[in-house]
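**Student:** Right, I'll just put the structure down here and ask away after.
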Amino acid sequence: MKRTKINVLLKLEKTPGKVLIKGWVRTKRDSKEFSFMDINDGSALKSIQVIANNDLENYPDIEKITTGTSVAVAGQLLESPGKGQKWEIQASDIEIINIAPESYPLQKKRHSDEFLRTIAHLRPRTNKYGAAFRIRSEMMFAIHKFYKEKGFRYLTTPLITGADCEGAGEMFRVTSPEPGKENFFGRESNLTVSGQLPAEMFALALGDVYTFGPTFRAENSNTSRHVAEFWMLEPEMAFCDLKENMDHGEELVKYLTQHAMNECKEDMDLFIKFVDKSLSKRIDTLLNSEFGRISYTEAIDILLKSKKKFDFKVEYGTDLQSEHERYLAEVYFKKPVFLTDYPKGIKPFYMRMNDDGKTVAAVDLLVPGIGELIGGSQREDRLLVLEKRMDEMNLPKEDYWWYLDSRKFGSVPHSGFGLGFERFLMMITGISNIRDVIPFPRTPGSIDF
RNA sequence: UCCCCAGUAGCUCAGUUGGCAGAGCAAUUGGCUGUUAACCAAUGGGUCCGCGGUUCAAAUCCGUGCUGGGGAGCCA
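The numbering used here puts the first sequence at residues 108 to 556.
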C-alpha cells in the first residue's frame with residue numbers, strides 16, 4: 108500500500124477508506140483498552156490522531172511507544188467523534204520503525220529557543236521550527252517564481268572569489284591543504300561577501316538577472332541579526348534607475364509576504380498567535396501600506412527635529428546608528444522606509460555620484476524590528492567618474508579591469524540591491540533571533556552540526 | 001571586540017542574612033472506557049558551569065576562565 112502524507116489526508120473531503128501513513132509520534136495517551144497517538148510526518152503543522160485498540164496483535168509493543176518513535180500506521184480514515192480534529196485513523200496495523208529511548212530530548216511541552224539551538228539537529232521536529240523551515244522552503248521557491256514571472260534570468264555567481272569586492276567586511280580565506288602552496292589559485296582567494304559585481308556583468312548582457320545563494324562574512328559580529336553564513340538575494344537590472352530599484356524592492360517584499368500568507372497559512376498562524384503578538388499588524392502594514400521614501404538629508408532633519416535624546420549624535424555626513432534607524436522606521440514612519448542619497452564618504456565606490464557631488468544614489472530599506480533589510484544603489488555607469496572614485500578610495504584599478512570594461516563598452520544605467528534572506532524570514536515570522544531561521548547557524552566560535 | 005545579565009535534576013526555574021539541595025514538568029512503574037501538552041498515584045534522578053581564594057562552614061562572598069542571552073559596533 109502506498110503511503111499518504113498527512114497534509115494530504117487532513118485536506119480530504121471524504122474518506123478513501125484504508126490509508127497508510129508514516130511519521131513520528133508526538134504524544135501518546137493511554138487508557139486500559141486503547142491508546143491515542145498524534146503522528147506528525149513534517150508535511151504539515153498538524154498531526155493526525157491514531158487510535159490503537161488493545162486487540163491489536165502487537166499491542167504489548169505498542170504500549171512501549173514513546174514520544175519521538177517512528178511508526179507506520181495502516182487503518183481506516185474515519186471522521187473523529189472527539190473534538191479538535193476532523194479525521195482520525197482507526198489503526199489495523201502499527202509497525203514500529205524505531206523506538207526513541209527515554210533520552211529523547213524533545214518533550215511534550217514548550218522548550219526555550221536557547222535549549223533548542225543546542226539540539227539544532229532535532230529542533231525541526233517541533234511545531235515552531237517545523238513551521239519556520241517549511242516557510243523558509245516556500246519562500247525560496249517564491250523568490251524564483253517572482254523572478255520567473257518578471258522575466259529575470261537566474262545567475263549563480265562564484266562562492267570562491269579573488270577580488271576583495273567593495274572592501275566590505277572581513278572575508279574568510281580559502282586555502283589549499285598542500286604545504287607551501289596555500290594559494291591554490293595562485294593568489295589569495297576568499298569566500299564571497301556579495302555576488303554584485305559579477306551580477307552587474309550579466310545584467311549588462313542578459314538585462315535583468317538575480318543571484319540567490321550563500322554569502323560569507325568573517326566579521327566578529329555577536330548579535331541576533333548576524334551570522335557568518337547567510338543567504339542573500341541580489342537582483343541587478345539594466346536600464347534601471349534608483350526609483351525603479353525601490354519600486355522593485357517594494358513589489359518584491361509585498362509579493363513574498365503575500366505568498367507566505369497564501370501558501371503557508373497554517374504555519375504563519377502559529378507565528379501570529381504564539382510567537383509575536385504584533386506580527387499580524389506588521390504583515391498588514393507590509394501588504395497594504397506604501398513604503399516611506401526619504402533622502403538621507405531629510406532623515407537627518409527628522410532626527411534633529413525629533414527632540415528625542417539619542418546616545419549617538421545626529422550629524423550630517425556620518426552613518427545613521429541603530430537607534431536612529433529604529434526611530435525612523437518604528438516611531439516616525441511606523442512602516443518600512445527607503446532611505447536614499449547618502450553622503451559619498453560612507454558608501455562604497457560603485458554607487459552612482461549624484462549631481463550635487465556630495466551624495467550617491469544609495470538606498471537602504473529600514474524595517475521595524477529588523478533594521479536594514481535591503482541595501483542597494485544605482486551603480487556608477489560613467490567610466491571617468493568611476494575611475495575617479497576608485498582613485499579617491501585608493502582601490503587598485505588593475506584588479507578591477509574587467510569591472511571597468513563594462514563601463515568602457517556600451518555602459519548603461521543600472522541598479523540593484525541585496526536582500527538578507529534570513530532577515531526577511533525574521534520579519535514575516537516574528538522570530539527574533541537569526542539563528543532560529545537558518546537550519547544550522549554559523550556564528551563566531553560556534554560550528555556544531 | 002566592548003557594555004550588561006545569566007549558568008542549580010533531562011527541561012523551566014526557586015533557593016531569604018553564608019548554616020542539611022527544592023518545586024513543576026519530563027522519565028520510570030502502576031491505575032483509568034474517547035483522550036487532546038489527558039488524568040490519578042508511587043519511584044528514581046544533582047561535578048549547584050570549571051579552576052583558585054576567603055571562611056569553622058560557600059549554590060550563596062571575592063578573583064579568573066568558559067558557555068549562553070540582551071544591547072552596541074560592523075552589516076544583509
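Glycine residues also receive a C-beta, built at the ideal position from the N, C-alpha and C atoms.
Using CA atoms only, rank isn't needed, just tell me which of F141, L490, M353, M497 is closest to L473.
**Tutor:** Numbered from its first residue, the first sequence carries residue 473 at position 366. The shortest C-alpha separation from L473 is found at M353.
**Student:** What's the gap between the Cα of N147 and the Cα of S210?
**Tutor:** Within the first sequence, residue 147 is the residue found at index 40, counting from 1. Within the first sequence, residue 210 is the residue found at index 103, counting from 1. Rounded to whole angstroms, N147 to S210 spans 20 Å at the Cα level.
**Student:** Give me, in chain order, the residues of the same chain whose beta-carbon lies closer than 7 Å to that of A306; leave out the 5 immediate sequence neighbours on both sides.
**Tutor:** What you label residue 306 is simply residue 199 of the first sequence in a count that begins at 1. For A306, where only same-chain residues beyond five positions count, the Cβ hits under 7 Å are L262, T264, V316, T318, E341, E343, G523.
**Student:** Determine the contact status of M144 and L127, defining contact as a CB-CB distance below 8 Å.
**Tutor:** For the purposes of this step, residue 144 is taken as the residue at position 37 of the first sequence. For the purposes of this step, residue 127 is taken as the residue at position 20 of the first sequence. No, they are not a contact pair.
**Student:** Are the Cβ atoms of A239 and E202 separated by less than 8 Å?
**Tutor:** Locating residue 239 in the first sequence gives position 132, where the first residue counts as 1. Locating residue 202 in the first sequence gives position 95, where the first residue counts as 1. In this structure, E202 does not lie closer than 8 Å to A239 by Cβ.
**Student:** Starting from K135, trace the beta strand (DSSP E) both ways and give me its first and last residue.
**Tutor:** What you label residue 135 is simply residue 28 of the first sequence in a count that begins at 1. Counting along the chain, the beta strand (DSSP E) containing K135 begins and ends at 125-137.
**Student:** Could you pull the start and end residues of the alpha helix (DSSP H) that Y403 belongs to?
**Tutor:** In the first sequence, residue 403 corresponds to position 296, counting from 1. Counting along the chain, the alpha helix (DSSP H) containing Y403 begins and ends at 403-412.
**Student:** When you compare only the Cα positions, how much space is there between P208 and T233?
**Tutor:** By 1-based counting over the first sequence, the position of residue 208 is 101. By 1-based counting over the first sequence, the position of residue 233 is 126. So the alpha carbons of these two residues sit roughly 17 Å apart.
**Student:** Rounding to the nearest angstrom, what Cα-Cα distance links P167 and F381 in this structure?
**Tutor:** The residue you call residue 167 lines up with position 60 of the first sequence. The residue you call residue 381 lines up with position 274 of the first sequence. The alpha-carbon atoms of P167 and F381 are separated by roughly 38 Å.
**Student:** Ends of the beta strand (DSSP E) at V474?
**Tutor:** If you number the first sequence from 1, residue 474 lands on position 367. Per DSSP, V474 belongs to the beta strand (DSSP E) from 466-474.
**Student:** Ordered along the chain, which non-local residues of its own chain (more than five positions away) have a Cβ less than 6 Å from that of S296?
**Tutor:** Counting from 1 along the first sequence, the entry for residue 296 is found at position 189. Contacts found: I267, G269, V281.
**Student:** For F440 and M500, which I take to be in contact (beta-carbon distance under 8 Å), what is that distance rounded to the nearest angstrom?
**Tutor:** Residue numbering aside, residue 440 sits at position 333 when the first sequence is read from its first letter. Residue numbering aside, residue 500 sits at position 393 when the first sequence is read from its first letter. With a Cβ gap of about 32 Å, F440 and M500 do not count as contacting.
**Student:** Ignoring anything shorter than 3 residues, give me the beta strand (DSSP E) runs that lie fully in the stretch 155-242, in order along the chain.
**Tutor:** As far as the stretch 155-242 is concerned, its whole beta strand (DSSP E) runs of at least 3 residues are 155-160, 177-186, 194-205.
**Student:** Which term fits H355, buried or exposed, when burial requires 16 or more other beta carbons within 10 angstroms of its beta carbon?
**Tutor:** Residue 355 sits at position 248 when you count from the first residue of the first sequence. Answer is buried; the Cβ neighbour count reaches 16.
**Student:** What span of residues does the beta strand (DSSP E) with P286 cover, start to end?
**Tutor:** Here the question's residue 286 lines up with position 179 in the first sequence. P286 -> no beta strand (DSSP E), and no H or E assigned at all.
**Student:** If we ignore side chains and look at the alpha-carbon of each, how far apart do K112 and F323 end up?
**Tutor:** Translated into the one-based positions of the first sequence, residue 112 becomes position 5. Translated into the one-based positions of the first sequence, residue 323 becomes position 216. When rounded, the distance between both Cα atoms is 36 Å.
**Student:** Which stretch, first to last residue, makes up the alpha helix (DSSP H) that contains T364?
**Tutor:** As a first step, residue 364 is located in the first sequence; it is residue number 257 there, counting from the start. That run of the alpha helix (DSSP H) goes 349-370.
**Student:** Using the three-state DSSP reduction, which class does P492 fall into: helix, strand or coil?
**Tutor:** If you number the first sequence from 1, residue 492 lands on position 385. Checking the displayed sequence, the identity of residue 492 turns out to be Val instead of Pro. The answer is helix: DSSP assigns V492 an H, G or I state.
**Student:** Evaluate the contact criterion for the stretch 244-261 versus the stretch 364-380: three or more CB pairs, one atom per stretch, below 8 Å.
**Tutor:** Yes: the two stretches touch, three or more of their Cβ pairs being nearer than 8 Å.
**Student:** Which one or two residues does DSSP pair with S328 in a beta bridge?
**Tutor:** Within the first sequence, numbered from 1, the residue matching residue 328 stands at position 221. S328 pairs with nothing; no bridge assigned.
**Student:** Does the Cβ-Cβ distance between S396 and K465 come in under 8 Å?
**Tutor:** Position 289 of the first sequence, counted from the first residue, corresponds to residue 396. Position 358 of the first sequence, counted from the first residue, corresponds to residue 465. Contact flag unset, no.
**Student:** Tell whether a beta-carbon distance below 8 Å holds between G625 and G525.
**Tutor:** No information on residue 625 is available, as it lies outside the stretch 108 to 556 that the chain covers here.
**Student:** Taking the continuous alpha helix (DSSP H) assigned at Y510, which residues delimit it?
**Tutor:** The residue labelled residue 510 in the question sits at position 403 within the first sequence. Note, Y510: alpha helix (DSSP H), 508-515.
**Student:** Flag this pair as touching only if the stretch 535-548 and the stretch 330-337 have three or more C-beta atom pairs under 8 Å; answer yes or no.
**Tutor:** A contact exists between the stretch 535-548 and the stretch 330-337.
**Student:** Excluding the 5 residues flanking K129 on each side, which residues of the same chain have their C-beta closer than 8 Å to its C-beta?
**Tutor:** Here residue 129 refers to the residue found at position 22 of the first sequence. So the qualifying residues of the chain are R110, D148, S177, V178, A179, V180, I204.
**Student:** If distances are taken between C-alpha atoms only, which option among E370, C371, P450, Y362 comes closest to Y403?
**Tutor:** Residue mapping note: residue 403 aligns to position 296 of the first sequence, counting from 1. Of E370, C371, P450, Y362, the residue nearest in Cα terms is P450.
**Student:** Report the residue from E170, F531, R496 whose alpha carbon sits nearest the alpha carbon of S138.
**Tutor:** On the first sequence, residue 138 is found 31 positions in, with the first residue counted as 1. Of the candidates E170, F531, R496, the one whose C-alpha sits nearest the C-alpha of S138 is E170.
**Student:** Using a Cβ-Cβ cutoff of less than 7 Å, which residues in the same chain neighbour Y510 once the five nearest sequence positions on both sides are dropped?
**Tutor:** To locate residue 510, count along the first sequence from 1; it is residue 403. L304.
**Student:** Looking at C-alpha atoms only, which residue of D506, D471, S513 is the closest neighbour of L491?
**Tutor:** Locating residue 491 in the first sequence gives position 384, counting from the first residue. Comparing Cα positions, the closest option is S513.
**Student:** Under 8 Å by Cβ, that's how I've got T174 and K135 pegged, so tell me the actual separation to the nearest angstrom.
**Tutor:** As a working note, residue 174 is residue 67 in the first sequence. As a working note, residue 135 is residue 28 in the first sequence. Right, their Cβ atoms sit about 7 Å apart.
**Student:** Sorted by chain position, which residues of the same chain lie with C-beta nearer than 7 Å to L229's C-beta, five sequence neighbours on each side aside?
**Tutor:** Indexing the first sequence from 1 puts residue 229 at position 122. Within the same chain, L229 has close Cβ partners P212, L213.
**Student:** V467: buried (16+ other C-beta within 10 angstroms of its C-beta) or exposed?
**Tutor:** Sequence index remark: in the first sequence, residue 467 carries index 360 (1-based). Buried, since its Cβ has 16 or more Cβ neighbours within 10 Å.
**Student:** Could you give the residue range of the alpha helix (DSSP H) that holds N147?
**Tutor:** As a first step, residue 147 is located in the first sequence; it is residue number 40 there, counting from the start. No alpha helix (DSSP H) contains N147, which is instead part of the beta strand (DSSP E) from 141-147.
**Student:** Just verifying my parser: in three-state terms, what is the DSSP assignment at N290?
**Tutor:** Here residue 290 is taken as the residue at index 183 of the first sequence, counted from 1. Reduced to three states, the DSSP call for N290 is coil.
**Student:** Does R260 come out as helix, strand or coil in the three-state DSSP assignment?
**Tutor:** Within the first sequence, numbered from 1, the residue matching residue 260 stands at position 153. If DSSP states are grouped into helix, strand and coil, R260 belongs with the strands.
**Student:** Excluding the 5 residues flanking L313 on each side, which residues of the same chain have their C-beta closer than 7 Å to its C-beta?
**Tutor:** Counting from one through the first sequence, the residue named residue 313 turns up at place 206. Within the same chain, L313 has close Cβ partners R260.
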